[in-house]
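In full-length UniProt numbering, the protein residues as written are 1 to 216.
Note that the Cβ used here is the ideal one computed from N, Cα and C, for glycine as well.
Below you'll find the structure, written out as C-alpha cells, and then a few comments.
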Amino acid sequence: MNKTILTLAIASLSLIACKKDEEKKGDAPASTTETPVAEPETATAIPDSAAITKAWTEYATPGEAHKMMMAENGTWNGDMTMWMSAGAEPMKNTTTAEYKMALGGRYQEGTYKGNFMGAPFEGKSTLAYDNATQEYTSTWIDNMGTGIMIMKGKYDPATKMFSFEGDCVDPVTKKTKKMRETITIVDENTRKMEMYDTGYDGKEFKNMEIVSTKKK
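Structural data, given as C-alpha cells:
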C-alpha cells in the first residue's frame, strides 16, 4: 500500500513539473476567472492594561498646545480685508471674535460677529490639537452657507505660524477646491490670519486677511 501511494505521489509531481516546463517554453498561460486569495492580515499584538491606560491618559490630557489655545481666551477686534477674486478691489470690514476653552481645556470655541456687504455676519469655529496625530484640526460654520469647512495643520515655533489646509465645495461649480489658511502670532496681543482660495482658473489667490488685537 505504501509503495502505491509513493508511486502516485511521484507521478503527480512529474505532471506538475511537465506543466511548468511547457509554460516556460512560451505557451501562454491559460486564463482563469478565479479570484486571488487575499493574504491574511497580521494581527496586532494586544497591549497590556497598563499600556492601554497610559496611552489613553496621555491622549486625553491637555498639553502645551492646549495652553497656547487657552492664551487666546477673551475678545479680539479684527480689521478684515477681503478680495472676491485675484486682482479685485479690496473690501474692508471689522469683526469681533470671542474665544473660550471647552471640555476641560481640550478644545477652543470661537464666536465671530461682523458685517459683510451690509449684512450681519456670524460664524463659529472649533480648534483641537490631537495628541495622537500631533496636528491641529479646525472647523468653521457661518450664516453665509450651510456647510462645514474642516482644515488640518501644524504649528511652526520658528515662524510662530499655524498652517492649515483643507477642501470645500464651490457652490457655483459644485466642485471641490483647495483652501489654505495661516495664522501668525505677531505678538502677545496681535494675530494675523490670511486665507487663500482657489479661483475658477485653478490658481490660488489671497481672499482674506484679518489683523486682530486682543481687547484689554
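Quick one: residues in its chain with C-beta nearer than 8 Å to the C-beta of residue i, no 5 flanking neighbours on either side, listed in chain order?
i    : result
T173 : Y200
D27  : In this predicted model, D27 has a pLDDT of only 49, less than 50, meaning its place in the structure is not dependable; the value taken from the coordinates is given anyway. For D27, where only same-chain residues beyond five positions count, there are no Cβ hits under 8 Å.
How many Å lie between residue i and residue j at the Cα?
i    : j    : result
K113 : A50  : 47 Å
E58  : K67  : 15 Å
W140 : R106 : 17 Å
Y196 : S125 : 18 Å
T44  : I52  : 14 Å
I150 : G166 : 6 Å
S31  : D156 : For S31, the predicted model reports a pLDDT of 48, less than 50, meaning its position is unreliable; a value from the coordinates is still stated below. Computed Cα separation, rounded: 56 Å.
K175 : G145 : 16 Å
I16  : A132 : Note that I16 scores 40 on pLDDT, short of 50, meaning its location in the model is unreliable and no value can be drawn from it.
Y99  : M70  : 8 Å
D142 : G87  : 25 Å
M101 : P171 : 32 Å
Tell me which residue opens and which closes the alpha helix (DSSP H) that residue i is part of.
i   : result
S49 : S49 to A60
M68 : E64 to M70
Please list the terminal residues of the continuous beta strand (DSSP E) segment that includes residue i.
i    : result
K178 : T176 to D187
T139 : E135 to D142
R106 : Element bounds for R106: n/a, residue is neither H nor E.
M91  : M91 to A102
G153 : M149 to D156
K203 : It is not in any beta strand (DSSP E) - K203 carries neither H nor E in the DSSP assignment.
T198 : T190 to T198
K160 : Looking at the DSSP string, K160 is not in any beta strand (DSSP E), and its letter there is neither H nor E.
Let me check one thing: in DSSP terms, what residues is residue i bridge-paired to?
i    : result
K214 : W76
S85  : None; S85 has no bridge partner.
V172 : The partner list for V172 (beta bridge, DSSP) is empty, contrary to what the question assumes.
Enumerate in chain order the residues of its own chain whose CB-to-CB distance from residue i is below 6 Å, with the five nearest sequence positions on each side excluded.
i    : result
S212 : W76, G78 and R191
T182 : M161, S163 and E194
Here's a check: name, in chain order, each residue in its chain whose Cβ is nearer than 7 Å to the Cβ of residue i, leaving out the five neighbours to either side.
i           : result
residue 217 : With the chain running from 1 to 216 in the structure shown, residue 217 is simply not present.
Is it true that the CB of residue j sits closer than 8 Å to the CB of residue i?
i    : j    : result
E135 : K152 : yes
G74  : K203 : no
K206 : W83  : yes
T95  : M117 : no
With a cut-off of 8 Å, does the C-beta of residue i fall near any C-beta of chain B?
i    : result
L103 : Of the protein chains in this structure there is only one, and it is not chain B.
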